[in-house]
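Single-structure report; data block below.
Number of protein chains: 2
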Amino acid sequence: MAVNPVNGSGLFQYLEAFFENGISYQVFAVADTTGIKTNSGITIRTDDVITNLKGQEDEFDALVFACGDAMPMFSENASAPYNQDMMAVIATFGQKGKILIGHCVGGMLFDIAGVASGRRVAVHPFLKSALQQAVATDAPFEVDGTIYTAQTESTISALIDKVVEALK
Amino acid sequence: MAVNPVNGSGLFQYLEAFFENGISYQVFAVADTTGIKTNSGITIRTDDVITNLKGQEDEFDALVFACGDAMPMFSENASAPYNQDMMAVIATFGQKGKILIGHCVGGMLFDIAGVASGRRVAVHPFLKSALQQAVATDAPFEVDGTIYTAQTESTISALIDKVVEALK
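Keeping their order, the protein sequence lines are chains A and B. Here the first sequence stands for residues 6 to 173, where the numbers follow my numbering. Here the second sequence stands for residues 6 to 173, where the numbers follow my numbering.
Below, the structure is given as structure tokens:
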């Protein structure tokens with residue numbers, strides 16, 4: 006899942022690693038359209054939109070949340086259908102015991118969705134005190150059960166080997 | 006400059022860092038079209054194509070070469086107009102003493118263009134012995150005069166602070 010706008014550095018660190026390791030993927034825009042932008046203003050074309058992932062969760066082993074500059078406005082836009090779909094999809098993947106991966110705000114969304122209870126998560130330092138059921142740490146990344154999180158896009162590189170190992 | 010296909014992780018590490026630091030940029034596709042793909046298969050829309058950068062070099066302080074899976078085929082496609090334009094643009098930026106930045110094959114292209122003579126460059130390990138006038142090292146990145154190079158997209162993060170410092 007890629008929010009709009011999405012941090013391109015984060016998104017493509019995941020995608021290029023998956024590509025290089027033969028891990029198949031589809032990119033769903035958390036938006037009404039597959040044409041979204043990076044924080045840096047480049048238009049990218051995703052495979053599909055998030056609403057079409059609902060009900061298709063069993064076709065995937067894992068869900069990746071690619072964070073971006075859409076997120077500082079998330080609380081104002083939480084009622085938008087695409088954001089509600091995103092939260093529903095996170096909850097379904099979590100409830101089915103599938104792997105959840107994300108950086109920056111990712112750990113907080115997994116917490117809000119109620120699927121990271123008691124799990125250690127790495128989140129953006131600003132968000133650490135906002136977590137309810139998950140346990141926010143100061144580590145650059147955390148792997149706890151099926152929850153893979155990185156503090157920011159700058160620490161994904163430290164997490165990615167463990168993600169690839171789990172998905173390969 | 007982004008080749009087609011381009012490694013999205015490399016390209017967007019530069020672009021998001023520029024965006025976050027208020028450094029303006031334009032992305033030119035090394036192709037006949039602004040619609041190019043990442044290695045990972047995602048279509049991205051660049052601002053313009055490389056042929057339109059020719060003659061406009063004075064409008065820019067620096068040139069970034071974003072490497073990708075187009076490059077293993079470079080020698081077969083060296084005569085394509087977009088590749089000839091790319092080499093001409095590199096040569097012009099270099100001759101004008103502007104900053105050249107790149108990873109992976111970048112250092113080799115700067116060498117071929119004749120604008121890295123005697124400079125230390127970091128290049129993909131496979132290419133080290135192919136350099137003629139530049140001095141390939143084993144460092145993850147190198148800064149020598151106006152030449153900023155990283156071995157691969159995995160070592161751009163170590164170079165990016167120095168790039169930002171130079172361009173800010």
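We treat Cβ as the ideally placed atom computed from N, Cα and C, and that holds for glycine.
Which residues in the same chain have their Cβ closer than 8 angstroms to the Cβ of residue i, if we skip the five residues on either side of it in sequence?
i	result
F79(B)	N88, V110
N57(A)	F33
T160(A)	H108, A127, P145, F146
D90(A)	V35, I55, T56, L58, K59
V169(A)	A22, F23, N26, I28
Q156(A)	H108, C109, A127, V128, H129, P130, A144, P145, F146
T39(B)	R50, T51, D52, D53, V54
E158(A)	N12, S14, G15, Q18, C72, H108, C109
A96(A)	A118, G119, V120
M76(B)	V8, C109, V110
Where does residue i fall in DSSP's three states?
i	result
F65(B)	coil
D167(B)	According to the sequence as given, residue 167(B) is Lys; it is not Asp. If DSSP states are grouped into helix, strand and coil, K167(B) belongs with the helices.
D90(A)	helix
I41(A)	strand
T154(B)	strand
T56(B)	helix
I104(A)	strand
I28(A)	coil
T51(A)	coil
A96(B)	helix
A135(B)	helix
G119(B)	coil
M113(B)	helix
Is the shortest distance between the beta-carbon of residue i and the beta-carbons of chain B less than 7 angstroms?
i	result
Q31(A)	no
A17(A)	It should be noted that the sequence gives Phe, not Ala, for residue 17(A). With 7 angstroms as the cut-off, F17(A) counts as an interface residue toward chain B.
T48(A)	yes
E170(A)	no
F24(A)	yes
N9(A)	no
Once the 5 residues before and after residue i are set aside, which same chain residues still bring their CB inside 6 angstroms of it?
i	result
V128(A)	G112, M113, A141
Q18(B)	I161
M92(A)	A118
L132(A)	M113
S122(A)	Q138
Who does residue i pair with in a DSSP beta bridge?
i	result
D74(A)	Note: D74(A) sits in no beta bridge, so no partner.
L20(A)	Bridge partners of L20(A): none, in fact.
E147(B)	T154(B)
T142(B)	A127(B)
A85(A)	Answer is none; A85(A) lacks a bridge partner.
V11(A)	T43(A)
F33(B)	D53(B)
Identify the contact partners of residue i in chain D, using a Cβ-Cβ distance below 9 angstroms as the criterion.
i	result
R125(A)	The question asks about chain D, but that chain is absent: this structure's protein chains are A and B.
Measuring only between beta-carbons, confirm whether residue i sits less than 7 angstroms from chain A.
i	result
E62(B)	no
F65(B)	no
G27(B)	no
N44(B)	yes
L20(B)	yes
G73(B)	no
S80(B)	no
N12(B)	yes
Closer than 7 angstroms by C-beta to residue i: which residues in its own chain qualify, once you throw out the five before and the five after it? Chain order, please.
i	result
G99(A)	L105, F115, A118, V120
L1(B)	Beyond the ends of chain B as shown, which are 6 and 173, falls residue 1(B); an answer cannot be given.
K167(B)	V148, Y153
Q137(A)	D116
Report whether the distance from the Cβ of residue i to the nearest heavy atom of the ligand SAH is below 6 angstroms.
i	result
D63(A)	Absent from the structure shown: the ligand SAH. Ligands present: none.
Handout entry: Touching by the beta-carbon criterion (3+ pairs, under 8 angstroms), the stretch 60-76 of chain B and the stretch 58-71 of chain A
Key = no
Exercise for the section: Assess, as a yes-or-no matter, whether the stretch 21-29 of chain A is touched by the stretch 44-59 of chain B under the definition of 3 or more beta carbon pairs within less than 8 angstroms. Expected result: yes
Exercise for the section: Please determine if the stretch 148-157 of chain A and the stretch 7-16 of chain B are in contact, where contact requires at least 3 C-beta pairs separated by less than 8 angstroms. Expected result: no
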